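Protein chains: 2
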Amino acid sequence: MGGPPQFVGWVEAGYESRMQVDGKPTRTIWVESDGTCVGIVDQTLLPHRFAVARLKTLVDAARAIQTMQIRGAPLIGAAAAYGMWLAMREDASDEGLERARASLLATRPTAVNLRWALDEMLAALRNRPRGERAAAALQRANEIAEQDIANNRAIGRHGLKIIADIAARKHGKCVNVLTHCNAGWLATVDVGTATAPIYTAHDEGIALHVYADETRPRNQGASLTAWELGQHGVPHTVIPDNTGGHLMQHGMVDLVIVGADRVTAQGDVCNKIGTYLKALAARDNRVPFYVALPSPTIDFMLSDGVAEIPIEQRAAAEVACMTGKTADGRIETVQVVPDGSPVANYGFDVTPARLVTGLITERGVIEPTRAALAAAFPERLATR
Amino acid sequence: MGGPPQFVGWVEAGYESRMQVDGKPTRTIWVESDGTCVGIVDQTLLPHRFAVARLKTLVDAARAIQTMQIRGAPLIGAAAAYGMWLAMREDASDEGLERARASLLATRPTAVNLRWALDEMLAALRNRPRGERAAAALQRANEIAEQDIANNRAIGRHGLKIIADIAARKHGKCVNVLTHCNAGWLATVDVGTATAPIYTAHDEGIALHVYADETRPRNQGASLTAWELGQHGVPHTVIPDNTGGHLMQHGMVDLVIVGADRVTAQGDVCNKIGTYLKALAARDNRVPFYVALPSPTIDFMLSDGVAEIPIEQRAAAEVACMTGKTADGRIETVQVVPDGSPVANYGFDVTPARLVTGLITERGVIEPTRAALAAAFPERLATR
Numbered sequence: 021m022g023g024p025p026q027f028v029g030w031v032e033a034g035y036e037s038r039m040q041v042d043g044k045p046t047r048t049i050w051v052e053s054d055g056t057c058v059g060i061v062d063q064t065l066l067p068h069r070f071a072v073a074r075l076k077t078l079v080d081a082a083r084a085i086q087t088m089q090i091r092g093a094p095l096i097g098a099a100a101a102y103g104m105w106l107a108m109r110e111d112a113s114d115e116g117l118e119r120a121r122a123s124l125l126a127t128r129p130t131a132v133n134l135r136w137a138l139d140e141m142l143a144a145l146r147n148r149p150r151g152e153r154a155a156a157a158l159q160r161a162n163e164i165a166e167q168d169i170a171n172n173r174a175i176g177r178h179g180l181k182i183i184a185d186i187a188a189r190k191h192g193k194c195v196n197v198l199t200h201c202n203a204g205w206l207a208t209v210d211v212g213t214a215t216a217p218i219y220t221a222h223d224e225g226i227a228l229h230v231y232a233d234e235t236r237p238r239n240q241g242a243s244l245t246a247w248e249l250g251q252h253g254v255p256h257t258v259i260p261d262n263t264g265g266h267l268m269q270h271g272m273v274d275l276v277i278v279g280a281d282r283v284t285a286q287g288d289v290c291n292k293i294g295t296y297l298k299a300l301a302a303r304d305n306r307v308p309f310y311v312a313l314p315s316p317t318i319d320f321m322l323s324d325g326v327a328e329i330p331i332e333q334r335a336a337a338e339v340a341c342m343t344g345k346t347a348d349g350r351i352e353t354v355q356v357v358p359d360g361s362p363v364a365n366y367g368f369d370v371t372p373a374r375l376v377t378g379l380i381t382e383r384g385v386i387e388p389t390r391a392a393l394a395a396a397f398p399e400r401l402a403t404r
Numbered sequence: 021m022g023g024p025p026q027f028v029g030w031v032e033a034g035y036e037s038r039m040q041v042d043g044k045p046t047r048t049i050w051v052e053s054d055g056t057c058v059g060i061v062d063q064t065l066l067p068h069r070f071a072v073a074r075l076k077t078l079v080d081a082a083r084a085i086q087t088m089q090i091r092g093a094p095l096i097g098a099a100a101a102y103g104m105w106l107a108m109r110e111d112a113s114d115e116g117l118e119r120a121r122a123s124l125l126a127t128r129p130t131a132v133n134l135r136w137a138l139d140e141m142l143a144a145l146r147n148r149p150r151g152e153r154a155a156a157a158l159q160r161a162n163e164i165a166e167q168d169i170a171n172n173r174a175i176g177r178h179g180l181k182i183i184a185d186i187a188a189r190k191h192g193k194c195v196n197v198l199t200h201c202n203a204g205w206l207a208t209v210d211v212g213t214a215t216a217p218i219y220t221a222h223d224e225g226i227a228l229h230v231y232a233d234e235t236r237p238r239n240q241g242a243s244l245t246a247w248e249l250g251q252h253g254v255p256h257t258v259i260p261d262n263t264g265g266h267l268m269q270h271g272m273v274d275l276v277i278v279g280a281d282r283v284t285a286q287g288d289v290c291n292k293i294g295t296y297l298k299a300l301a302a303r304d305n306r307v308p309f310y311v312a313l314p315s316p317t318i319d320f321m322l323s324d325g326v327a328e329i330p331i332e333q334r335a336a337a338e339v340a341c342m343t344g345k346t347a348d349g350r351i352e353t354v355q356v357v358p359d360g361s362p363v364a365n366y367g368f369d370v371t372p373a374r375l376v377t378g379l380i381t382e383r384g385v386i387e388p389t390r391a392a393l394a395a396a397f398p399e400r401l402a403t404r
């Protein structure tokens with residue numbers, strides 16, 4: 021503490037950023053340079069419009085998470101941390117602290133990074149005088165954001181080795197990676213989790229190509245992953261979610277890398293709905309299946325992911341309708357199910373640890389077992 | 021032969037039809053009552069508009085199959101047969117016969133019913149005087165259409181027993197069936213293949229509910245299966261293609277029934293892309309996985325489905341764009357991938373026989389093995 025908080029926007033201040041939009045370094049979340057609010061990339065408008073939104077209050081932050089203007093487990097964590105800062109400016113009392121935590125925790129049930137970040141913020145603020153809480157919240161939120169980027173860079177370095185080994189076995193022929201949903205820089209503060217090894221390998225000059233699952237119902241693979249890969253110049257192809265099994269049967273996928281919303285103490289992986297199906301296809305075709313995640317995504321309180329992780333159910337409209345660009349450039353939403361047909365919208369599924377080749381974390385590639393996870397993160401076990 | 025061909029429309033003539041649209045008995049293909057042309061339900065406009073199209077020439081018929089105004093392996097077979105009738109009216113020479121066969125065969129590469137129906141037509145027409153060919157073609161096409169319906173009714177009876185057994189084990193509690201794509205009455209002349217046991221069980225008063233996979237990229241599950249289940253009053257829920265694995269992990273699916281575009285002599289099943297992923301999930305969760313098919317879908321010339329069946333690749337626009345209804349009732353097409361992102365569009369995948377519980381055919385439920393298929397259809401083996 022001490023000294024004024026750093027009220028600078030990352031973009032404007034030229035902070036280092038891995039990702040670029042139209043050639044300009046960009047992060048997904050930042051403090052505006054006048055220090056009045058938090059800026060975010062509004063992900064609901066991509067890929068057809070790149071727009072920035074501003075969060076000024078706790079309510080703004082909670083709504084942005086709930087409506088998925090910002091999404092992705094690590095970014096949700098950072099956004100919740102900044103939401104606590106906005107809340108402390110409004111009401112720094114103990115009641116205000118508790119209310120802010122409860123309101124942010126209620127936005128999304130599945131990603132554990134949200135709870136982790138709120139616990140971190142609570143620990144940083146609880147025993148502090150009210151007058152210091154806003155500044156302390158901003159500092160801790162900035163640290164959480166920077167830590168996310170550092171974690172992702174480390175994931176990129178560890179994952180690079182996996183891709184480089186495959187490239188060597190293929191004698192430099194293009195490495196085909198399949199990914200599901202968006203675990204890219206848009207799902208984090210920067211760099212991404214599943215994309216970190218991809219961007220790192222691409223930047224190292226390894227020839228690779230990414231199959232991006234469309235990821236219905238919200239199409240994050242088509243609208244976010246394909247878009248950010250394109251911005252970074254990574255060769256890629258968008259495929260329907262149904263396609264991965266066929267590609268794997270025909271030797272067209274060398275490895276799968278996905279992100280995670282929650283990983284249990286025994287290595288079960290909760291991620292975007294449909295991940296489990298790709299893990300089954302990878303196993304059936306002996307394709308390595310990796311999950312990239314920063315350690316805040318691990319929930320040491322849970323063991324059996326299928327039985328214990330709460331699976332978010334979201335609005336029917338996400339399945340019943342799709343939004344896109346018309347031939348003349350308008351953004352339209354169209355209904356794609358019959359009038360009156362009910363729909364179900366489960367946000368996530370759980371891939372059992374037995375189907376996972378390895379967990380790519382900031383501390384290296386870890387076997388998806390209780391023992392290996394405990395050995396890699398002993399301090400997390402201690403605070404269980 | 022002998023006597024005038026029966027130039028009657030099925031709908032107008034009150035032919036028996038299992039399916040109803042807005043309470044009116046309807047088939048997917050028929051000869052118009054004035055005998056001048058073939059009428060079809062234009063499936064590209066469903067579920068938002070029910071419209072009929074008329075095929076007057078060979079070119080009309082080939083285009084209707086290629087653009088998927090009519091689709092589904094059994095219906096493609098019947099449509100090709102009627103296409104041969106239209107062709108014989110235009111040019112009944114041997115050259116005309118060969119040209120019509122080649123042009124129809126080229127429309128879709130994967131479904132074997134197309135080749136089967138064309139071979140049947142060729143056998144019926146080849147050694148006949150030109151003057152008789154048109155009438156003979158119409159008669160054989162009508163027989164092929166009627167045979168499809170008879171096959172599907174038999175599939176319904178055999179499949180009913182499977183559903184009834186599960187209903188009995190569940191003490192009458194609702195049986196949950198998952199299906200992929202549309203193997204319903206819209207994929208056949210009437211009744212459907214995968215839906216035949218469903219409609220039969222529903223009509224017998226068995227409580228059941230269907231999860232209909234949306235089936236990207238063309239959404240036949242949402243736009244066709246959900247629509248026809250709705251027309252018939254069968255309780256159902258549309259789910260994204262990603263969802264089935266999660267449902268099976270949680271005991272929410274009692275059995276899977278899908279259709280097929282081609283089944284090999286050893287029981288490998290080629291069906292709409294994504295079927296293989298559901299079969300893997302069914303196996304992983306011990307959910308029975310059945311394939312319903314009429315025998316013309318069996319290709320005794322092929323063994324290894326993954327290696328030997330040609331997989332159709334279709335236009336990028338089917339993945340890149342989606343068509344639906346706007347809030348004010350207009351039909352719009354919107355682009356759902358970023359500008360410049362390539363897409364891949366494989367129409368089918370192959371589910372190895374080892375993942376299939378049984379093949380529901382017009383001759384009963386058959387084990388997916390070479391021996392069982394040969395024993396059930398000895399006459400097909402003989403003509404190999």
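Chains as they are written, first to last, in my numbering: chain A, 21 to 404; chain B, 21 to 404.
The C-beta atom is built at its ideal place from N, Cα and C for all residues, glycine as well.
Because the structure is a prediction, the values reported are computed rather than measured.
Among Ala-188(A), Ile-175(A) and Ala-392(A), nearest to Glu-382(A) - alpha-carbon criterion:
Ile-175(A)
If you drop the 5 nearest sequence neighbours on each side, which residues of the same chain put their C-beta closer than 8 angstroms to that of Gly-384(A)?
His-178 and Ala-396
As assigned by DSSP and simplified to three states, the class of Asp-215(B)
Residue identity differs from the one stated: residue 215(B) is Thr in this sequence, not Asp. Three-state DSSP puts Thr-215(B) in a helix.
Is there at least one Cβ from chain A nearer than 8 angstroms to Tyr-219(B)'s Cβ?
no
Return no unless some Cβ of chain B is closer than 8 angstroms to the Cβ of Asn-239(A).
yes
Straight-line Cα distance separating Gly-264(B) from Ala-232(A):
Looking at the two C-alpha atoms, the distance is approximately 20 angstroms.
If contact is defined by three or more beta carbon pairs under 8 angstroms, each pair taking one atom from either stretch, is the region 76-87 of chain A in contact with the region 103-116 of chain A?
Touching, per the Cβ criterion.
From Ala-71(B), Ala-81(B), Glu-110(B) and Thr-199(B), pick the residue whose C-alpha is nearest to that of Gly-97(B); which is it?
Ala-81(B)
Status (buried if at least 16 other CB within 10 Å, exposed otherwise) for Ala-299(A)
So Ala-299(A) counts as buried.
Which residues, in order along the region 280-302 of chain A, keep a beta-carbon less than 7 angstroms from a beta-carbon of chain B?
Ile-293, Gly-294, Tyr-296, Leu-297, Leu-300 and Ala-301
Taking all protein chains shown into account, do 16 or more other C-beta atoms lie within 10 angstroms of the C-beta of Asn-10(A), making it buried, or fewer, making it exposed?
The requested residue 10(A) does not occur in the structure, where chain A is confined to residues 21 to 404.
Establish whether the CB of Gly-343(B) and some CB of chain A are separated by less than 8 angstroms.
The sequence shown places Thr at residue 343(B), rather than the Gly named in the question. Put simply, the CB of Thr-343(B) is near chain A, with a gap under 8 angstroms to one of its CB atoms.
Does the beta-carbon of Asn-202(B) have 16 or more other beta-carbons within 10 angstroms, so that it is buried, or is it exposed?
buried
Here's the rule I'm using: 16 or more other beta-carbon atoms within 10 Å means buried, otherwise exposed. How should Ala-335(A) be labelled?
With fewer than 16 Cβ atoms within 10 Å of its Cβ, Ala-335(A) is classed as exposed.
Return the CA-CA distance between Pro-316(A) and Asn-147(A), expressed in angstroms with no decimal places.
23 angstroms
What would DSSP say about Asn-171(A), mapped onto helix, strand or coil?
helix
Pair within 8 angstroms by beta-carbon distance, Trp-247(A) and Leu-66(A)
yes
According to DSSP, what are the bridge partners of Thr-199(A)?
Residue pairing by DSSP puts Thr-199(A) in a beta bridge opposite Ala-232(A).
Kindly indicate the opening and closing residues of the alpha helix (DSSP H) around Lys-292(B).
Run containing Lys-292(B): none in the alpha helix (DSSP H); it sits in the beta strand (DSSP E), 289-292.
Leaving aside the five residues before and after Ala-327(A) along the sequence, list all residues of the same chain whose C-beta is less than 6 angstroms from its C-beta, in chain order.
none
Through-space distance from Ile-164(B) to Arg-121(B), alpha-carbon basis
16 angstroms
If we define contact as Cβ-Cβ less than 8 angstroms, is Tyr-102(A) a contact residue for chain B?
no
Return the bridge partner residues of Val-72(A) from the DSSP annotation.
Val-61(A)
Leaving out five residues on either side along the sequence, give the residues of the same chain with a beta carbon under 6 angstroms from the beta carbon of Ala-187(B).
Val-195 and Ile-226
With DSSP as the reference, label Val-311(B) as helix, strand or coil.
strand
Residues of chain B with CB closer than 9 angstroms to the CB of Ser-361(A), please, in chain order.
Pro-67, Ala-232, Ala-242, Ala-246, Trp-247, Leu-249, Gly-250, His-256, Thr-257 and Val-258, listed in chain order.
With 8 angstroms set as the bound, which would you pick, yes or no: does the beta-carbon of Thr-87(B) sit closer than that to a beta-carbon of chain A?
With 8 angstroms as the cut-off, Thr-87(B) does not count as an interface residue toward chain A.
Sequence-distant residues of the same chain with beta carbon closer than 6 angstroms to Pro-372(A), five excluded per side:
Asp-288
Mind pulling the alpha helix (DSSP H) runs of 4 or more residues that sit fully within the region 93-140 of chain B?
Complete alpha helix (DSSP H) runs here, min 4: 93-110 and 114-125.
Return helix, strand or coil for Pro-398(A), following the three-state DSSP convention.
For Pro-398(A), the secondary structure class from DSSP, reduced to helix, strand or coil, is helix.
Spell out the partners DSSP gives Val-41(A) in its beta bridges.
Partner residues in the beta bridge of Val-41(A), as assigned by DSSP, are Lys-44(A).
Which two residues bound the contiguous beta strand (DSSP E) that contains Gly-384(B)?
384-386
Starting from the C-beta of Ala-126(A), find all residues in its chain whose C-beta is less than 6 angstroms away, skip the five residues before and the five after it, and write them out in chain order.
none
Starting from Asp-80(B) and walking both ways along the alpha helix (DSSP H), at which residues does that stretch end?
78-86
When you compare the CB of Glu-332(A) with every CB in chain B, is at least one pair closer than 8 angstroms?
no
Step through the CB atoms of chain E and report whether any lies within less than 8 angstroms of the CB of Glu-352(A).
The structure shown contains no chain E; its protein chains are A and B.
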